[in-house]
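Report on the structure given below.
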Amino acid sequence: MPRYLMKNISTIARCATLYRDQQLTEIGLNGYQAPYVPEICAAPGIAQEQLAQQLHVNRSSVTRQLMLLEENGFIVRRRSPDDRRTVEVYPTEKMQAALPIVRDTFVRWRRALTEGLTTEELELLEILLERLADRAQEIR
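So that you can map any letter, position 16 of the sequence shown is 15 in numbering that gives the first Met the number 0, and since no number is skipped, the others follow by simple counting.
This is the structure in structure tokens:
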């Protein structure tokens with residue numbers, strides 16, 4: 000196994016966040032908040048806990064980012080009528096409007112990052128990264 004596998008993965012993740020910061024600042028989002036947008040829009044009313052699990056982020060980070068998203072008018076949080084301990088997250092029209100911009104930002108990052116890779120290299124990379132992600136979820 001390459002000695003710098005995790006360092007390289009971390010560098011890519013940090014650079015992706017910085018890229019999203021630059022690209023999304025005009026619409027009031029930061030690089031950490033961008034992954035929340037498609038998740039919340041795809042599942043209005045998603046539980047805050049479920050969001051943490053899907054994004055593989057600790058609960059305190061989710062709470063912090065959701066607070067900022069709420070303050071900036073992107074989401075509304077409500078207590079579940081079925082379970083008062085559960086906080087449900089709903090997208091606002093502002094978040095729905097941001098969704099295509101966020102998706103486009105993800106696509107542009109991926110294209111820029113993988114520029115120069117052949118189709119075969121890209122397919123192999125996807126397969127290997129998916130295997131690593133699956134394994135990471137098993138052992139966490």
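We put the beta carbon where it would ideally sit given N, CA and C, even for glycine.
- With fewer than 16 other Cβ atoms from the protein chains shown falling within 10 Å of its own Cβ, residue 106 counts as exposed.
- The Cβ-Cβ distance between residue 44 and residue 89 falls below 7 Å.
- If the five residues before and after residue 18 are omitted, its C-beta is found closer than 6 Å to the C-beta atoms of 108, all from its own chain and listed in chain order.
- Residue 124 has its alpha-carbon roughly 32 Å from the corresponding atom of residue 65.
- In the structure shown, residue 42 adopts coil according to DSSP, grouped into three states.
- Scanning the region 37 to 100 from its first residue to its last, the whole beta strand (DSSP E) runs of 3-plus residues come out as 74 to 78 and 86 to 90.
- Straight across, the Cα-Cα distance linking residue 102 with residue 83 is about 33 Å.
- The alpha-carbon of residue 13 is positioned some 38 Å away from that of residue 81.
- Between the region 66 to 80 and the region 128 to 135, the count of Cβ pairs shorter than 8 Å is below three; the stretches do not touch.
- If you compare the alpha carbons of 24, 59, 87 and 40 with that of residue 46, the shortest gap goes to 87.
- Here the alpha carbon of residue 126 sits roughly 29 Å from the alpha carbon of residue 48.
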